[in-house]
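Novice:
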Amino acid sequence: MENEKDTIAAISTPIGEGAIAIVRLSGDEAVSIANQVFHGADHLESVDTHTIHYGKIVEPINQQTIEEVMVTVMRAPKTFTKEDVVEINCHGGLASVNRLLELVLSRGARLAEPGEFTKRAFLNGRIDLSQAEAVMDLIRSKTDKAMDIAMNQLDGKLSKFVNQLRQELIETVAHVEVNIDYPEYDDVEEMSHDLLKERTKYVSNEVERLLQMSRQGKILREGIATAIIGRPNVGKSSLLNSLVQETKAIVTDIPGTTRDVIEEYVNIRGIPLRLVDTAGIRETEDIVEQMGVERSHQALKQSDLVLLVLNYGESLSEEDRKLFEAVEGLEYIVIVNKTDLEGKLDIEEVKRLAGEQKVITTTLIEDEGIKELEEAIADTFFEGEIESGDLTYISNVRHIQLLEDTLKALADARQAIDEDMPIDLVQIDVTRAWELLGEIVGDTLQDSLIDQLFSQFCLGK
Ligand code: GDP
Ligand code: ZN
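Just so you know, full-length UniProt numbering puts 318 at position 318 of the sequence shown, and the rest follows in order with no gaps.
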């Protein structure tokens, strides 16, 4: 394991990118190392904490100027890592930033491991684990809304909530202990059972609520995987283009997957829609014809949402009916397009086929109906507005697993009560739930797990 005391350095480019790059140092030697390569009016080792200084970075051996910089000096403990931190802001390209990094490394700093800044913040008690994980989500978040949620978690809302639930459990356990040790009532056993049952039910409900929100959190971070299907010429490409124009799609290139997928994100009221296989829509136009109903259904199962497009100017065809079969059991919205044409489509029949699912009418050449579609999407996934302000979303696989394990432990406790098991056995399950919740905030976590978690972080954070 690396020495926790040495001074670490990495390029840490701020979220949102931009022309400025930052080399960040943290540790006892951070200021003196920066000072060795800095030429400016101020001597960095004697400046006030949390001040910014203009100057040049000069190679100490050959006196060559590398960069014009602004250097921020932040002395422990009021820093991200609770150690001395120096941030060197430079506006040059990647090459000069790399030279700057090499320079501070040659002066005694060590290259930070991925996530090591955040790890130090955690180990030094600056943030708890769920906050540390929020930093990671923040780096990955794709829309403002997802960013808000990550920020919320960073504020410690999740930790606070989880700690309240833990408190509830531990108090209940303590209460039961006292009852058993100093029985005021005749039937201590039964009273304790009632209390445990009621309190574990309460905590279970709260955990369920968090998990419910986590599903929304996942959608916000990863996007709603959306497929657009329909017969040739109904307006799939027009729909895609309308959504993309309306919302300025973010196109991401994800290398390293089985094939290099181009994903397109559109932002619908803060909800990222990940348009799946848009290349497929553009090129082949009709996956059902190409793949057959059964196989296309398999492919469609990967999506969270299907947009099924029909043509108002034509009566419902056999192919259209096959599409309804293909999306059976999935979340989908029917879009009846080309409402400017003379109506041949039996809308009532379409509504019958759609059942619970929504039917929207559009005239995509006029860009009409997109607002209604956006509303329908928002309603489908969030029942109206997203309340990112008040709610804490769990946005992390590890947290979700722990919450589900917590639910199971609490269910075991209630089952033990129902089976009239001795109180001690019930308490074991309740204590287990308490421990599991503790792992979310990092209270009961082993070292190896901590190392593994932080190694997932981006370098420089
Ligand atoms: P796709 O084959 O399903 O992708 O359909 P396209 O989006 O390529 O559209 C096929 C044709 O229908 C194009 O000529 C579009 O301009 C036209 N189209 C799209 N939306 C409408 C609409 O609302 N009304 C009418 N009249 N034509 C439309
Ligand atoms: Zn098309």
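Beta carbons: idealized from backbone N, C-alpha and C, even for Gly.
Is A323 near L308, with beta carbons less than 7 angstroms apart?
Specialist: The sequence shown places Leu at residue 323, rather than the Ala named in the question. It is a contact, given that the beta carbons lie within the stated cut-off.
Novice: Which residues bound the beta strand (DSSP E) around N311?
Specialist: Residues L305 to N311.
Novice: Considering only their Cβ atoms, is the gap separating A409 from V426 smaller than 7 angstroms?
Specialist: Taking 7 angstroms as the Cβ cut-off, V426 and A409 do not qualify as a contacting pair.
Novice: Shorter than 6 angstroms, the distance from the beta carbon of S238 to the closest heavy atom of the ligand GDP, or not?
Specialist: For the ligand GDP, at least one heavy atom lies less than 6 angstroms from the Cβ of S238.
Novice: Quick test of your reading: L345 and N311, contact by CB under 8 angstroms. State the CB separation rounded to the nearest angstrom.
Specialist: The Cβ separation is near 7 angstroms, so the contact holds.
Novice: Determine, using beta carbons only, whether L169 and S130 come nearer to each other than 7 angstroms.
Specialist: It is not a contact, given that the beta carbons lie outside the stated cut-off.
Novice: Within 10 angstroms of the Cβ of G442, are there 16 or more other Cβ atoms? Answer buried if so, exposed if not.
Specialist: Classification for G442: buried.
Novice: Work out the CA separation of L364 and I66 for me, nearest whole Å.
Specialist: Rounded to whole angstroms, I66 to L364 spans 54 angstroms at the Cα level.
Novice: Return the chain-ordered list of same chain residues with a C-beta closer than 8 angstroms to the C-beta of G343, the five sequence neighbours on each side being excluded.
Specialist: Here the set comprises Y312 and G313.
Novice: Where does K160 land, buried or exposed, given buried means 16+ other C-beta within 10 angstroms?
Specialist: With fewer than 16 Cβ atoms within 10 Å of its Cβ, K160 is classed as exposed.
Novice: How far does the beta strand (DSSP E) with T7 in it reach, from first residue to last?
Specialist: Taken as a continuous stretch (DSSP letters only), T7 belongs to no beta strand (DSSP E), as it is neither H nor E.
Novice: For T51, which of helix, strand or coil comes out of DSSP?
Specialist: Strand at T51.
Novice: Who are the near neighbours of G108 in its chain, counting only those whose CB is closer than 8 angstroms to its CB and skipping five residues on each side?
Specialist: Hits under 8 angstroms: T7, E29 and I33.
Novice: In this structure, how does DSSP classify A40 when only helix, strand and coil are distinguished?
Specialist: For the record, residue 40 in the displayed sequence is Gly; it is not Ala. It is a strand residue.
Novice: Starting from the Cα of L373, find the closest Cα among V350, Y332, S106 and I423 and give me that residue.
Specialist: The candidate whose alpha carbon is nearest that of L373 is Y332.
Novice: Work out the CA separation of E349 and S303 for me, nearest whole Å.
Specialist: Roughly 25 angstroms separates the two Cα atoms.
Novice: Where does R259 sit, in a helix, a strand or coil, going by DSSP?
Specialist: With a pLDDT of 33 at R259, under the threshold of 50, the predicted position of this residue should be treated as unreliable, though the coordinate-derived value follows. Note: R259 maps to coil in three-state DSSP.
Novice: Taking A174 as the reference, which of E190, V162 and L195 has the closest Cα?
Specialist: Selected option, being the one with the closest Cα: L195.
Novice: Work out the CA separation of V71 and A227 for me, nearest whole Å.
Specialist: Using only the alpha carbons, I get a separation of about 48 angstroms.
Novice: Any heavy atom of the ligand GDP closer than 6 angstroms to the Cβ of V234?
Specialist: Within the cutoff, so yes.
Novice: Determine which residues share a DSSP beta bridge with R110 and list them.
Specialist: Answer by DSSP bridge pairing, in chain order: I8.
Novice: State the start and end residues of the unbroken alpha helix (DSSP H) segment that holds G438.
Specialist: Note, G438: alpha helix (DSSP H), I423 to V441.
Novice: In chain order, what residues of the same chain lie with their CB nearer than 7 angstroms to the CB of V97, ignoring the 5 residues before and after it?
Specialist: Same-chain partners within the cutoff: I11, A21, V23 and C90.
Novice: Say yes only if the C-beta of D340 is nearer than 6 angstroms to one or more non-hydrogen atoms of the ligand GDP, and no if none qualify.
Specialist: Yes, the Cβ of D340 comes within 6 angstroms of a heavy atom of the ligand GDP.
Novice: Less than 7 angstroms between the beta carbons of R231 and E319, yes or no?
Specialist: Yes; because the gap between Cβ atoms is below 7 angstroms, this pair is in contact.
Novice: Kindly give me the distance between the Cβ atoms of V306 and V327, rounded to whole angstroms, as I take these residues to be in contact under 8 angstroms.
Specialist: So it is a contact: roughly 5 angstroms between Cβ atoms.
Novice: Looking at the strands, I want to know which residues DSSP matches up with T363.
Specialist: Partner(s): E368.
Novice: With a 10 Å radius around its C-beta and 16 neighbouring C-beta atoms as the bar for buried, classify S242 as buried or exposed.
Specialist: Looking at its Cβ environment, which holds 16 or more other Cβ atoms inside 10 Å, S242 is buried.
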